[in-house]
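Visitor:
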Amino acid sequence: NWTMENFIDTEINRIRQLVGPTAEVIGAVSGGVDSTVAAKLMKEAIGDRFHAIMVDNGVLRLNEAENVKQFLGEGLGINLSVIDAADEFLTKLKGVTDPEKKRKIIGNTFIHVFEREAENIKPKSGEEIEFLLQGTLYPDVIESISFKGPSQTIKTHHNVGGLLENMKLKLIEPLRELFKDEVRHLGELLGIPHDLVWRHPFPGPGIAIRVLGEVTREQVAIARKADHIYIEEIRKAGLYNKISQAFACLLPVKSVGVMGDQRTYEQVIALRAIETTDFMTADWFPFEHDFLKKVASRIVNEVDGVARVTYDITSKPPATVEWE
Ligand code: XMP
Numbered sequence: 203n204w205t206m207e208n209f210i211d212t213e214i215n216r217i218r219q220l221v222g223p224t225a226e227v228i229g230a231v232s233g234g235v236d237s238t239v240a241a242k243l244m245k246e247a248i249g250d251r252f253h254a255i256m257v258d259n260g261v262l263r264l265n266e267a268e269n270v271k272q273f274l275g276e277g278l279g280i281n282l283s284v285i286d287a288a289d290e291f292l293t294k295l296k297g298v299t300d301p302e303k304k305r306k307i308i309g310n311t312f313i314h315v316f317e318r319e320a321e322n323i324k325p326k327s328g329e330e331i332e333f334l335l336q337g338t339l340y341p342d343v344i345e346s347i348s349f350k351g352p353s354q355t356i357k358t359h360h361n362v363g364g365l366l367e368n369m370k371l372k373l374i375e376p377l378r379e380l381f382k383d384e385v386r387h388l389g390e391l392l393g394i395p396h397d398l399v400w401r402h403p404f405p406g407p408g409i410a411i412r413v414l415g416e417v418t419r420e421q422v423a424i425a426r427k428a429d430h431i432y433i434e435e436i437r438k439a440g441l442y443n444k445i446s447q448a449f450a451c452l453l454p455v456k457s458v459g460v461m462g463d464q465r466t467y468e469q470v471i472a473l474r475a476i477e478t479t480d481f482m483t484a485d486w487f488p489f490e491h492d493f494l495k496k497v498a499s500r501i502v503n504e505v506d507g508v509a510r511v512t513y514d515i516t517s518k519p520p521a522t523v524e525w526e
């Protein structure tokens, strides 16, 4: 009979068979559930012959690279390299305002940085790297086979398909038969911390599509701080697990405000929080007024450059979850 405990044993054996006694495997980790669970499974199966690479693209959440280093590297004992490529990404994003172009630049730069880093990894065994790990889930498999709807062209989803062609690696996808809730269950059984297992999804292009308009280091810093405060308050209020996804966007408009007896002229933060089962349709989350009041006042007081906060009350459709 199929149980998750059996799945772990079967899958670990399958990975060992596939990889053999000496070959080496690389894979990207992002701090999200899927890549973390996949990486932990590889660690259990082949130890340090699995090399995880985390690319800091400069548009991750506040302290994310540092946090991943701690919970994947130190906590789970995964053989991990964190690559600081923020300058490279931000330089390429300079002057770019079109959301699709941002996505393409980030996807392509990611592949470039990952490949370069993979070449730097010289396994102690003297063997070449032979396999690439991907945290593909069952719905992704289905989507790539059968999904040809119009929305496919709405957004270019971040993918690493190009890696395979260029690097001639064989693919390992230990999660390809699982749904998201099964991956979470698996994560819990593998000893991955609860907060990580139940983390909201975060898009590949990250804060670059949450800073509307041009992405600069300064704009990213503002969006990041506001987002951090918002998520912290959501957690404090015990609402994190009731919400499917929440984040802050930085709008490229200025608005008048008043601080003491001074008039200010600064940017606007839009908060988004949604409830959904499949992300194809979504409702906005009905926060209490006092909660919104508290978050707005913290953001305006604690984040330089922001004078006004709004809450997005559009559902999907007609709006999308992200603002870009
Ligand atoms: P939308 O905005 O399309 O979002 O309603 C639905 C879900 O997809 C995520 N999303 C992305 N994820 N790369 C990703 O990896 C992307 O380019 C991208 N765009 C949207 C979004 O965060 C939400 O969970």
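Those letters in the sequence shown? Residues 203 to 526, per the UniProt record's numbering, in order.
Don't be surprised by glycine CBs; every beta carbon is placed ideally from N, CA and C.
(1) Of all the beta strand (DSSP E) runs that stay within the bounds of the region 233–272, which reach a length of 3 or more residues?
(2) Let me check you understand the geometry: is the CB of Pro223 closer than 8 Å to at least one non-hydrogen atom of ligand 1?
(3) Tell me the DSSP secondary structure of Leu278 in three-state form.
(4) Answer yes or no: the CB of Arg218 versus the heavy atoms of ligand 1, is any distance below 8 Å?
(5) So, does the region 323–332 touch the region 429–445, judging by three or more C-beta pairs under 8 Å?
(6) Sorry if obvious, but does the Cβ on Gln336 come closer than 8 Å to a heavy atom of ligand 1?
(7) Count Cβ pairs between the region 335–344 and the region 300–319 that sit closer than 8 Å; are there 3 or more?
(8) If you draw a straight line from the alpha carbon of Ile476 to that of Glu526, how long is it in whole angstroms?
(9) How long is the line joining the alpha carbons of Glu490 and Pro519, rounded to whole angstroms?
(10) Among Lys444, Gly415 and Phe487, which residue has its Cα nearest to the Cα of Lys296?
(11) Where Lys495 and Gln421 are concerned, what is the direct C-alpha to C-alpha distance, given to the nearest angstrom?
(12) Out of curiosity, what's the CA-to-CA distance linking Ile255 and Ser232?
(13) Taking 8 Å as the cut-off, is the CB of Pro405 close to at least one heavy atom of ligand 1?
(14) Reducing DSSP to helix, strand and coil, say where Gln219 ends up.
(15) When you compare the CB positions of Ala410 and Leu452, do they come within less than 9 Å of one another, or not?
(16) Would you identify the three-state DSSP class for Val298, choosing helix, strand or coil?
(17) Taking only runs that begin and end inside the region 364–407, name each unbroken beta strand (DSSP E) of 3 or more residues, in chain order.
(18) Please report how far the alpha carbon of Arg263 lies from the alpha carbon of Glu321, in whole angstroms.
(19) Under a Cβ-count criterion, where at least 16 other Cβ atoms within 10 Å of its own Cβ denotes burial, should Phe381 be classed as buried or exposed?
(20) Could you tell me the alpha carbon to alpha carbon distance between Val508 and Ala439, rounded to whole angstroms?
(21) Quick check on this structure: which residue in Ala288, Pro488 and Asn503 has the alpha carbon closest to the alpha carbon of Gly408?
(22) For Phe381, is the beta carbon positioned less than 8 Å from some heavy atom of ligand 1?
(23) 9 Å is my cut-off, CB to CB: does Ala423 come that close to chain C?
(24) I'd like to know whether the C-beta atoms of Leu220 and Ile374 end up nearer to each other than 9 Å.
(25) Give me the Cα-Cα distance between Glu390 and Arg419, rounded to the nearest whole angstrom.
Guide: So, from the data block:
(1) 252–258
(2) Taking the sequence shown and counting its residues from 1, one reaches residue 223 at position 21. False, no ligand heavy atom lies under 8 Å from that Cβ.
(3) Mapped onto the sequence shown, residue 278 falls at position 76. Here Leu278 sits in coil by DSSP.
(4) Translated into the one-based positions of the sequence shown, residue 218 becomes position 16. Arg218: no, Cβ never under 8 Å from ligand 1.
(5) no
(6) Here residue 336 corresponds to residue number 134 of the sequence shown, with the count starting at 1. Gln336 Cβ: outside cutoff for every heavy atom of ligand 1.
(7) no
(8) Counting from 1 along the sequence shown, the entry for residue 476 is found at position 274. Counting from 1 along the sequence shown, the entry for residue 526 is found at position 324. Distance between the alpha carbons of Ile476 and Glu526 is about 16 Å.
(9) Your numbering for residue 490 matches position 288 in the sequence shown. Your numbering for residue 519 matches position 317 in the sequence shown. Straight-line Cα distance between these residues: approximately 23 Å.
(10) Counting from one through the sequence shown, the residue named residue 296 turns up at place 94. Nearest C-alpha to Lys296: Gly415.
(11) Here the question's residue 495 lines up with position 293 in the sequence shown. Here the question's residue 421 lines up with position 219 in the sequence shown. The straight-line gap from Cα to Cα measures roughly 23 Å.
(12) Locating residue 255 in the sequence shown gives position 53, where the first residue counts as 1. Locating residue 232 in the sequence shown gives position 30, where the first residue counts as 1. Distance between the alpha carbons of Ile255 and Ser232: 9 Å.
(13) Within the sequence shown, residue 405 is the residue found at index 203, counting from 1. Because some heavy atom of ligand 1 lies under 8 Å away, the Cβ of Pro405 counts as near it: yes.
(14) Sequence index remark: in the sequence shown, residue 219 carries index 17 (1-based). The answer is helix: DSSP assigns Gln219 an H, G or I state.
(15) The residue labelled residue 410 in the question sits at position 208 within the sequence shown. The residue labelled residue 452 in the question sits at position 250 within the sequence shown. Cβ distance not < 9 Å, so Ala410 and Leu452 don't count as in contact.
(16) Position 96 of the sequence shown, counted from the start, is the residue given in the question as residue 298. Looking at Val298 - three-state DSSP - the assignment turns out to be coil, as it is neither helix nor strand.
(17) 372–374
(18) As a working mapping, residue 263 is identified with position 61 in the sequence shown. As a working mapping, residue 321 is identified with position 119 in the sequence shown. So the two alpha carbons sit approximately 27 Å from each other.
(19) As a working mapping, residue 381 is identified with position 179 in the sequence shown. Exposed is the call here.
(20) Looking up residue 508 in the sequence shown gives position 306. Looking up residue 439 in the sequence shown gives position 237. Cα-Cα distance, rounded: 23 Å.
(21) Here residue 408 refers to the residue found at position 206 when the sequence shown is read from its first residue. It is Ala288.
(22) Against the sequence shown, residue 381 aligns to sequence position 179. Because no heavy atom of ligand 1 lies under 8 Å away, the Cβ of Phe381 does not count as near it: no.
(23) Chain labels in this structure do not include chain C; a single protein chain is all it has.
(24) For this step, residue 220 is matched to residue 18 along the sequence shown. For this step, residue 374 is matched to residue 172 along the sequence shown. Here Leu220 is near Ile374, since their CB atoms are less than 9 Å apart.
(25) If you number the sequence shown from 1, residue 390 lands on position 188. If you number the sequence shown from 1, residue 419 lands on position 217. If I take the Cα positions, the gap works out to 36 Å.
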